[in-house]
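So the structure is just underneath, and the comments pick up after that.
Number of protein chains: 2
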Amino acid sequence: MARQVAQRDDLLPVLAETFREHGYEGASLSLIATATGLGKGSLYHFFPGGKAEMVEAVLAEIEAWFEARVFAPLRQDDDPAAAIAQMFGTVTDYFRSGRRVCLVGALSLSDARDRFGQALRRYFALWVEALTEALTRVGHPPEGATALSEDIVGGIQGAVVLARALDRPETFERILVCLRERARAA
Amino acid sequence: MARQVAQRDDLLPVLAETFREHGYEGASLSLIATATGLGKGSLYHFFPGGKAEMVEAVLAEIEAWFEARVFAPLRQDDDPAAAIAQMFGTVTDYFRSGRRVCLVGALSLSDARDRFGQALRRYFALWVEALTEALTRVGHPPEGATALSEDIVGGIQGAVVLARALDRPETFERILVCLRERARAA
DNA sequence: CAAATCCTGTACCGATTGGTACATTGTTGA
DNA sequence: TCAACAATGTACCAATCGGTACAGGATTTG
Chain F
1 MARQVAQRDD LLPVLAETFR EHGYEGASLS LIATATGLGK GSLYHFFPGG KAEMVEAVLA
61 EIEAWFEARV FAPLRQDDDP AAAIAQMFGT VTDYFRSGRR VCLVGALSLS DARDRFGQAL
121 RRYFALWVEA LTEALTRVGH PPEGATALSE DIVGGIQGAV VLARALDRPE TFERILVCLR
181 ERARAA
Chain W
1 MARQVAQRDD LLPVLAETFR EHGYEGASLS LIATATGLGK GSLYHFFPGG KAEMVEAVLA
61 EIEAWFEARV FAPLRQDDDP AAAIAQMFGT VTDYFRSGRR VCLVGALSLS DARDRFGQAL
121 RRYFALWVEA LTEALTRVGH PPEGATALSE DIVGGIQGAV VLARALDRPE TFERILVCLR
181 ERARAA
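Chain order of the listed sequences is F and W. In terms of UniProt numbering, the first sequence is numbered consecutively and its last residue is 186. In terms of UniProt numbering, the second sequence is numbered consecutively and its last residue is 186.
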């Protein structure tokens, strides 16, 4: 019985990709087993709560990833303008110019929203707040910074939807360039 | 055996709502049967192709609905500015300020995208083209009209995602107001 | 070396899945 | 009146669902 060296955390990226591609309902256990190369035994060993616990873990990891790479720099980087620019670059890579779905956004549109509502809300709330902070520090008037931040975060999500539907990654990149423009100080 | 007076077309709104709430995978036949009040016999009588045919029919009806109420006015209404304003109003009602999901957008983020790709692409392509037409007629420079149109259509989709995730319908409405501003002639 | 623990595969569970078959009914046109 | 047809409910199918049980290898700890 060849023991896999796999740690629980090593599974998360594979799980994330599986949920991204097939959604919560669509990602069956047998599909997950195939994708991870693990049997149900191992999966339930790592995630006694089944699919729900897998999604929770994936969402937590995504939030941590964005916290480290995007949110924290936006909040406290010495150069907020650079942090904003970095955000657009990171996001473009992360979503593969709209070829890759935002799991948090996709779950928000599904009926899984009710089950994971808190994690979904947190992710977007943190993003909007961090970006608001950076926009303010870069010179945007505090009254309009939150609105602009919501426009941008929402705009990114919409760009994923539109680019995927139209099958045009260029559209994703073009929209992000436009949003980046609006983020620059007035 | 009390015969229902229901015509096939009368089922479409119920089917649409069921797919919106549960997604393609999540909307099981028994769920659909409950929602419509029909047995499998009737469902397969009206839709021999099963769920796939139901979704096709729903998407066709959605496209026709938008064509009549949104796309056509944008393209050829005598008052393009009024058509644009009407679009924002119609869309706000239709998506219930973000409480209701855009089925086309949601399917675009799921793996059902591959199966219904053409219909999804058509919907957004028609929308973007019609809005581009209206924006041009209202005075926007042709070079930038397509980009602005994509920004707006994508922005609406993103507003649905964000408002649902944050559970804040006001955010949806605020973003739409902002998009409406940008649609006004420069 | 032995015992405790971790990990894994397999078999199995009841429930539900999408889909088919068909007999039966209400309605309609000749 | 009566055949043709549209619509319906029920029973059924194999396949798959999420989840459990567990035996037994692999590994670590003593």
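We put the CB at the ideal spot given by N, CA and C, even for glycine. If you're wondering where the values come from, they're calculated on a predicted model, not measured in any experiment.
By the rule that beta-carbons nearer than 8 Å mark a contact, R164/F touches chain W. Sorting P169/F, D78/F, L74/F and L11/F by C-alpha distance to the C-alpha of A183/F places L74/F at the top. For V58/F, not one C-beta of chain W is nearer than 8 Å to its own C-beta.
The alpha-carbon of F71/W is positioned some 32 Å away from that of V128/F.
Residues of the stretch 112 to 124 of chain W that bring their beta carbon within less than 8 Å of a beta carbon in chain F comprise R113, G117, L120, R121, Y123 and F124, in sequence order. For G139/F, the secondary structure class from DSSP, reduced to helix, strand or coil, is coil.
Taking a Cβ-Cβ threshold of 8 Å, none of the residues of chain F is close to H140/W; the smallest such distance is about 14 Å.
Judged by DSSP in its simplified three-state form, V70/F adopts helix. Comparing alpha carbon positions, the residue from T18/F, T132/F and I152/F closest to E143/F is T132/F. When Cβ pairs closer than 8 Å are counted between the two stretches, the stretch 23 to 36 of chain W is seen not to touch the stretch 159 to 179 of chain F, the count staying below three. Within the stretch 86 to 115 of chain W, those residues whose Cβ lies closer than 9 Å to any Cβ of chain F are, in chain order, V101, C102, V104, G105, A106, L107, S108, L109, S110, D111, A112 and R113. A residue is called buried when at least 16 other Cβ atoms come within 10 angstroms of its Cβ; A134/W meets this threshold and is buried. Boundaries of the alpha helix (DSSP H) around F46/F: K40 to F46. Nearest in C-alpha terms to R69/F, of all of V58/F, M87/F and D78/F, is M87/F. Using a Cβ-Cβ cut-off of 9 Å, H22/W is close to E25, S110 and D111 of chain F, given in chain order. Taking each of G23/W, Y24/W, H22/W and A33/W in turn and checking the Cα distance to L11/W, the smallest one comes out for A33/W. Apart from the 5 residues on each side of it in sequence, G39/W sits with its Cβ closer than 7 Å to the Cβ of A33 in its chain, given in chain order.
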